Each structure stands twice: as C-alpha cells, then as structure tokens.
Amino acid sequence: PYPTGFFNGSGTVAGATFNISALFSNTTTVLEDMNVTVPGLPLIQIEQLPYTMIGTRLNITDFSKVPSEFRSFIKIAEIDYYSGNQTIVFSIPGVVSVKLTHPHSSRRLKR
C-alpha cells in the first residue's frame, strides 16, 4: 500500500517550529504537493514528486521539481509510510524527524 490523501505534522529544529503538509495522489505513486512553513522564511513548496515504495520507504525517483536550494536535503531525507496507523515519518538524519498524520476530517484540505 502507498499513502493517499492529505497528511500534516509539525516539528522543531534549532528552536524554530515548522509545519509540513503533504498531499498524495489517490491513484498513482506521486507526492502531489508538499509545503514546509517556517515562521520568518518563505514557504517551501514542492510539487509532483514521483516515488516508488520499498517496504515502508518512499524513494523519490525524480528530484527535478525540487528547488535547487533544497534538493540536497530532500535527497538525504527518509520518508516512511506506516499503513497500519496511517502515518508518515519524514526525517533528515541528524537534523529533524516529523510524524505526519491524517488530520480530522473537518481540517482536511479541500480541493
């Protein structure tokens, strides 16, 4: 199984709290939209990232849509999907780890 729909979560790095939201395709293995919001910094938005699944790990297969200033971070990021509890763990080893979950239905992103 692969993730579908909207996930979000937040974390702290170097004393700053940030939010991550991710929208996964319901029909293909594509991360349609990922936004990282850090107070005081411009929104980081990444769209249309294809991936494959190996076990729980999402392996991004094309980094061309990732802004060049963030590409090195995304390339070392580990993204794991746990279908049993519908969570995604996004981590950059030694830097940050964030658990993303499906929000309550009233807070989901509407298309």
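Residue numbers (the UniProt record's numbering): 1 to 111.
Positions of the beta carbon are idealized from the N, C-alpha and C atoms, including for glycine.
As the structure is a prediction and not an experimental result, all values here were calculated from the model.
query                                                                                                  : result
Contiguous alpha helix (DSSP H) assignments of at least 4 residues, all confined to the stretch 45-100 : 68-76
Element boundaries [beta strand (DSSP E), containing residue 145]                                      : Any answer about residue 145 is impossible in this case: the structure gives the chain only from 1 up to 111.
Cα-Cα separation between residue 47 and residue 66, rounded to whole angstroms                         : 8 Å
Per-residue burial, residue 8 [other beta carbons within 10 Å of its own, 16 or more giving buried]    : buried
Assigned secondary structure, residue 31 (DSSP; H/G/I helix, E/B strand, else coil)                    : strand
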